[in-house]
Every structure is written in C-alpha cells, then in structure tokens.
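Residue numbers (this note's numbering): 132 to 406.
Cβ atoms here follow ideal geometry from the backbone N, Cα and C, with glycine treated the same way.
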C-alpha cells in the first residue's frame, strides 16, 4: 500500500473528514436559518426535487455551501492549516452582514464553490509545503507563523469589521466639519442640530447666518465615529433631516448643509455626494 493510500485511510484522515462533514452540515443549517429569517416567504418544498435536474441543481448549490465549511475544517483538523478556515470565516461574516444582497438567496459560495475549493486547496498546500521548507530554521519558522497568522487575522478582521459595530466597542475618534453653503441670492439663517442616536445627546446646536452666495465652515462639530441625526431648519420653516452613519465617516470630508441653489432648497448631505 502506497504512502498516499495510507494517508487517505489513516485514522486522522477519517476523523478530519467526519468533523469536516459535521461543520459543513452545521453551516448549511445556519444558511437555511438566515434565509428563513431574512426572506418573507420561504418555500422549503423546493428543496424536495421533482426531477433529476432539480436534484442535481440542489446538490450543486447547497452541496457547494456544505463544502465551503467541510473542506477547510477537514484540512484544519488533518494538517493544521488555518488560511482556508480564514476564507470560510470571511465568507460567513460577509454573508451574515448582507444576507439579502443581490438576487442570490444564499452566500456567494452557493454558485462559486468550485473557486472556493480551489482556493482552499491552494492555501492549504502553500501552508504545508512552506512548513517543510522552514521547519529546520527557527527564524524562518517564526517568520512563516507571523505571515500565516497575519493573513488569517486580516481576513477575520475584515469580516468582523463589516459585521460588528466596532465604534460601539472601541471609541474611534474622527472629526467632521460642518459646511453651510448658500448658492442663492438671499441671505438666510439656518438652525442645525446634531444628535447622537445612541445616547440622545445633542452634540451640536447652533443657528448659523450665511450670506448670499457665501459659505460658512465650522470645524469639529462631530468628533467621534457613531450614528447621528442631523436636523436643519431654515428661517422660513423648511426642514431637512439626514442620518449620519459610521460608514459615512469613511468617505465624507464634511457634513454639508446646502441652503439654496442648484441642489434645491435645503439639503443635508456629505461633501462629495449627491443630494
């Protein structure tokens, strides 16, 4: 019996395959649960095929979802590789963040699982082969661990950053100025109030006078990433409300209150975006 056959029939391999199968089944159940929670009407009878083609379609789509966790867990248990597991975790977290994105009622692996499996095998192979090359050098072994661990932490961090509201756990300081622009021919007074949605605290409240075709800039009206409600009211009673979210802090340079002009009458938006 060849060494490859011994590897396939070993107790460690059998255990790895069994645990991978359990992990794949658990992930498939999690996907079904997410679908049932995010879809208004789920017809689970469609999972009972009425033809051979239907059975093959279900096997392809949901078998692929099963493989997305069965393969990396089996590789982790058998060879200790963590990068395939990092890819699987990243996909799970991204799917949990936006389970109803697009027309696909399920994670991306439902249709792209052959690509995922290829990536799993390539990453696992790279980990195993690289270990063989550096295992006799403590320095190279440490460097390998740092690289592999860093890649795994990066994938996990990206997934958690997309899912978890980190700004609620760790205060993230970032300031945004307030720009009040008036493109009209008449001066106006505009009252601006910014309220923290989490605490209800009013972090900014001021009535600003802006001349015709003029601009007023106020620095650091918001100093920490979070969720805020920006309410503006003109002197004629016109009002506008805007929800400022943590995602906006990534791409906004300022909170813009447009009083009058080409964008219409009173708009609150982020600098660089449309009305």
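For residue i, tell me which candidate among the options has the shortest Cα-Cα distance.
i	options	result
residue 120	348, 346, 361, 343	Summary: the structure shown does not reach residue 120, with the chain confined to residues 132 through 406, and so no result is reported for it.
residue 251	295, 199, 157	199
residue 322	227, 293, 369, 377	369
residue 347	149, 162, 389, 226	389
residue 147	353, 206, 377	206
residue 196	354, 259, 157	157
residue 378	292, 203, 330, 237	292
residue 165	226, 328, 375	226
residue 142	344, 163, 209, 221	209
residue 365	217, 324, 229	324
residue 151	329, 190, 204	204
residue 336	345, 363, 316, 317	363
residue 290	184, 220, 302	220
residue 402	382, 391, 396, 395	382
residue 245	349, 192, 228, 397	192
residue 367	345, 317, 275	317
Quick one: using the 10 Å Cβ neighbour count with 16 as the cut-off for buried, is residue i buried or exposed?
i	result
residue 409	Outside the shown range of the chain (132 to 406) lies residue 409, about which nothing can therefore be said.
residue 286	buried
residue 393	exposed
residue 264	exposed
residue 319	buried
residue 214	buried
residue 201	buried
residue 212	buried
residue 240	buried
residue 155	buried
residue 332	exposed
residue 284	exposed
residue 391	buried
residue 260	exposed
residue 399	buried
residue 303	exposed
residue 188	exposed
residue 350	exposed
Over the uninterrupted beta strand (DSSP E) stretch that includes residue i, give me the two end residues.
i	result
residue 267	Here residue 267 belongs to no beta strand (DSSP E), and DSSP marks it neither H nor E.
residue 343	No beta strand (DSSP E) contains residue 343, which DSSP labels as neither H nor E.
residue 215	Where residue 215 is concerned, there is no enclosing beta strand (DSSP E), although the alpha helix (DSSP H) it sits in stretches over 214-228.
residue 370	370-375
residue 365	359-365
residue 312	304-313
residue 321	319-327
Using a beta-carbon distance below 7 angstroms, is residue i in contact with chain C?
i	result
residue 267	This model lacks chain C altogether; it includes just one protein chain.
Between residue i and residue j, is the Cβ-Cβ spacing less than 7 angstroms?
i	j	result
residue 327	residue 359	yes
residue 407	residue 356	The structure shown does not extend to residue 407, since the chain is modelled only from 132 to 406, so the question has no answer here.
residue 162	residue 237	yes
residue 386	residue 273	no
residue 153	residue 228	no
At which residues does the alpha helix (DSSP H) containing residue i begin and terminate?
i	result
residue 398	It is not in any alpha helix (DSSP H) - residue 398 instead sits in the beta strand (DSSP E) that spans 398-401.
residue 381	379-382
Tell me, please, whether the segment 302-312 touches the segment 270-282 by the rule of three or more beta-carbon pairs shorter than 8 angstroms. no
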